[in-house]
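The numbering of the sequence shown is numbering that gives the first Met the number 0, which starts it at 0 and goes up by one. By construction, the Cβ of each residue, glycine as well, lies at the ideal position given by its N, Cα and C atoms.
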Amino acid sequence: MTQLTDRLVTSFAAAVLTLGCQKPPPPSPVASTTEPEPVVVVAPPDVQARHIFDTRCVVCHGSVGKGDGPGGAALDPKPRAFGDAVWQKSVDDAHIAKTIVEGGVAVKLSAGMAANPDLADKPDVVAELVKIVRKFGQ
């Protein structure tokens with residue numbers, strides 16, 4: 000029985016040494032229980048401005064800036080026609096920007112020109128809106 004015991008001990012020792020020298024398997028992936036952070040993509044200021052003009056300004060000022068939008072039909076006074084060369088020369092960019100952000104009342108114009116306070120902290124977008132208004136005068 001000693002031979003059998005010796006063989007078992009030798010086999011056991013060899014198995015322990017063989018297994019002990021192997022690298023442990025990599026940990027299995029664990030499913031995350033937290034949601035990944037959403038990716039926020041912000042459009043460039045000119046794209047944002049075009050979208051704002053097309054969704055807000057066009058309603059009263061019209062798609063070509065003539066003051067003939069469907070929402071402006073009932074307003075008195077009528078919305079500004081941006082192509083008016085005399086008006087274009089009479090105002091600076093700061094005045095247009097203030098009108099866009101603070102509304103008509105802020106610049107002693109019609110209360111029908113709504114304020115856009117959400118643009119107060121987006122000067123680049125407002126500057127692009129001013130460019131859009133200026134292009135109608137060219």
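By the three-class DSSP mapping on this structure, what secondary structure does residue i have?
i: T98; result: helix
i: S89; result: helix
i: T54; result: helix
i: R79; result: coil
i: G68; result: coil
i: L118; result: helix
i: V40; result: coil
i: Q47; result: helix
i: A113; result: coil
i: A84; result: helix
Could you spell out where the alpha helix (DSSP H) holding residue i opens and where it closes?
i: K107; result: Here K107 belongs to no alpha helix (DSSP H), and DSSP marks it neither H nor E.
i: C59; result: 57-60
i: P122; result: 122-134
Hey, is the region 82-101 in contact with the region 110-121, meaning 3+ C-beta pairs nearer than 8 Å? yes
Take every Cβ of the region 57-67, pair it with every Cβ of the region 76-84, and state whether three or more of those distances are shorter than 8 Å. yes
Say whether the region 43-52 touches the region 124-134, bearing in mind that this needs 3 or more beta-carbon pairs closer than 8 Å, one atom from each stretch. yes
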